[in-house]
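Novice: Please read through the structure below; I'll follow up with questions.
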Amino acid sequence: MNTQASKVILITGASSGIGEATARHLVRQGHRVVLGARRIERLQVLAEELAGERGHVAYRALDVTRFDQMQAFADAAESTFGPVDVIVNNAGVMPLSPLNALKLGEWNRMIDVNVRGVLHGIAAVLPGMEARRRGHVINVSSIGGHAVSPTAAVYCATKYAVRAISDGLRQETDCIRVTVVSPGVVESELADTISDEATRDFVKAYRRVAIQPDAIARAIGYAIEQPDDVDVNELIVRPTASPH
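Put into structure tokens, the structure is as follows:
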């Protein structure tokens with residue numbers, strides 16, 4: 462990729478899974494990428510590896526539930542590389558459980574990270590993108606944002622919300638591209654956050670059919686590489702062998 466096509470891209474939840482794979486893919490495509498996550502030590506290792514491959518990469522500790530940190534993340538990216546062209550709102554948690562387990566703390570955590578985190582990401586970059594009349598917001602939803610399953614009511618609700626927010630933003634602008642990527646079962650650490658034992662065992666069996674996070678990274682890269690007048694709005698990417 463030539464430097465003229467290089468974009469400044471923010472990635473939240475970049476310390477593992479889809480976020481890490483997306484960072485690797487986009488840096489190797491020649492983009493200038495800024496990584497954000499709570500686990501700063503993982504970001505440092507990843508950034509050093511990619512910089513060693515002559516990639517343009519920076520990183521910053523980020524809790525997406527705090528707007529002040531999200532705004533500082535976007536501001537730091539602009540100071541380092543220039544105005545933000547793309548944000549990938551990828552950070553998410555998935556502590557599944559049946560509703561009668563009454564895990565209110567986990568419900569609130571999902572709402573804070575999966576919904577408020579996306580809104581904070583949008584709020585941090587939208588004014589600049591509107592002023593420049595160009596930009597791209599990519600929100601990672603889930604197949605759980607298309608169909609509800611037992612133990613996943615709250616998680617699915619947050620991912621339906623991501624799709625609703627994304628489509629609302631798409632309709633409100635004629636200059637900013639908006640993409641929702643809905644992964645199926647992907648190898649990741651998401652299931653590690655499940656504290657309900659019965660649900661954890663069920664999900665472990667369900668996740669026997671899974672694709673690698675690089676598949677989602679390539680889908681995100683595909684949406685980014687389209688011309689400014691082409692908006693890839695929704696992508697569902699799941700294992701060929703997946704029935705759901």
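Be aware that the sequence shown starts at 462, since it is given in my numbering, and climbs by one per residue. We put the beta carbon where it would ideally sit given N, CA and C, even for glycine.
In terms of alpha-carbon separation, which member of Asn-561, Asp-546 and Tyr-621 lies closest to Val-469?
Specialist: Nearest of Asn-561, Asp-546 and Tyr-621 to Val-469, Cα basis: Asp-546.
Novice: Report all residues from its chain with a CB closer than 7 Å to the CB of Ala-671; omit the five preceding and five following residues, and keep chain order.
Specialist: Cβ within range, chain order: Val-646, Val-647, Glu-648 and Pro-700.
Novice: In angstroms, rounded to a whole number, what distance separates the CA positions of Arg-595 and Asp-689?
Specialist: Computed Cα separation, rounded: 8 Å.
Novice: Can you pull the DSSP bridge partners for Pro-521?
Specialist: It should be noted that the sequence gives Arg, not Pro, for residue 521. According to DSSP, which records beta bridges pairwise, Arg-521 is partnered with Gly-497.
Novice: Return the CA-CA distance between Leu-587 and Ala-522, expressed in angstroms with no decimal places.
Specialist: Rounded to the nearest angstrom, the two C-alpha atoms are 21 Å apart.
Novice: Applying the criterion that 16 or more other CB atoms from any shown protein chain within 10 Å of the CB defines a buried residue, is Gly-497 buried or exposed?
Specialist: By the neighbour-count rule (16 or more Cβ atoms within 10 Å), Gly-497 is buried.
Novice: Could you give the first and the last residue of the continuous beta strand (DSSP E) run that contains His-597?
Specialist: That run of the beta strand (DSSP E) goes 596-601.
Novice: Does Thr-483 come out as helix, strand or coil in the three-state DSSP assignment?
Specialist: In this structure, Thr-483 counts as helix in the three-state DSSP scheme.
Novice: What does the Cβ neighbour count give for Arg-593, buried or exposed, with the cut at 16 atoms within 10 Å?
Specialist: The residue in question, Arg-593, is exposed, as its Cβ has fewer than 16 Cβ neighbours within 10 Å.
Novice: Looking at the unbroken beta strand (DSSP E) that takes in Asn-550, where does it start and where does it end?
Specialist: Where Asn-550 is concerned, the enclosing beta strand (DSSP E) stretches over 547-550.
Novice: Go through its chain and collect everything with a Cβ distance to Asn-463's Cβ below 8 Å, but skip five positions before and after it.
Specialist: Low per-residue confidence applies at Asn-463: pLDDT is 41, beneath 50, and the placement is therefore not dependable, though the value from the model is reported in the following sentence. Excluding sequence neighbours, Asn-463 sits near Gly-491.
Novice: Would DSSP call Ser-477 helix, strand or coil?
Specialist: Coil at Ser-477, not helix or strand.
Novice: Starting from the Cα of Ile-681, find the closest Cα among Ser-476, Ala-466, Ser-477 and Ala-482 and give me that residue.
Specialist: Cα-wise, what sits closest to Ile-681 is Ala-482.
Novice: Would you call Cys-617 buried or exposed, if buried means 16 or more other Cβ atoms sit within 10 Å of its Cβ?
Specialist: Classification of Cys-617: buried, given that the 10 Å Cβ count is 16 or more.
Novice: With DSSP collapsed to three states, give me the class of Ser-558.
Specialist: Note: Ser-558 maps to coil in three-state DSSP.
Novice: Please list, in chain order, all residues of the same chain as His-486 whose beta carbon is under 6 Å from its beta carbon, the five residues on each side excluded.
Specialist: Answer for His-486: Ala-678 and Gly-682, listed in chain order.
Novice: Mind checking who Thr-640 pairs with in its DSSP beta bridge?
Specialist: Answer by DSSP bridge pairing, in chain order: Ile-599.
Novice: Run the CB neighbour count on Ile-704, radius 10 Å, all protein chains shown included, and call it buried at 16 or more, exposed below.
Specialist: The residue asked about is misnamed: residue 704 is Pro in this sequence, not Ile. That one is exposed.
Novice: May I ask you to report which of helix, strand or coil DSSP gives Leu-742?
Specialist: Nothing in the structure corresponds to residue 742, since the chain is present only between 462 and 705.
Novice: Beta strand (DSSP E) containing Glu-695: first to last residue?
Specialist: Start and end: 695-698.
Novice: Rounded to whole angstroms, what is the Cα-Cα separation between Gln-632 and Asp-692?
Specialist: Going from the Cα of Gln-632 to the Cα of Asp-692 covers about 12 Å.
Novice: Check whether the Cβ atoms of Leu-504 and Ala-475 sit closer than 8 Å, and answer yes or no.
Specialist: Contact: yes.
Novice: Let's test the definition: count the other Cβ atoms within 10 Å of the Cβ of Glu-567 and tell me whether it reaches 16, buried, or not, exposed.
Specialist: Buried: at least 16 other Cβ atoms inside 10 Å.
Novice: In the DSSP assignment, what are the bridge partners of Val-670?
Specialist: DSSP, once it has assigned bridges, lists no residue as partnering Val-670.
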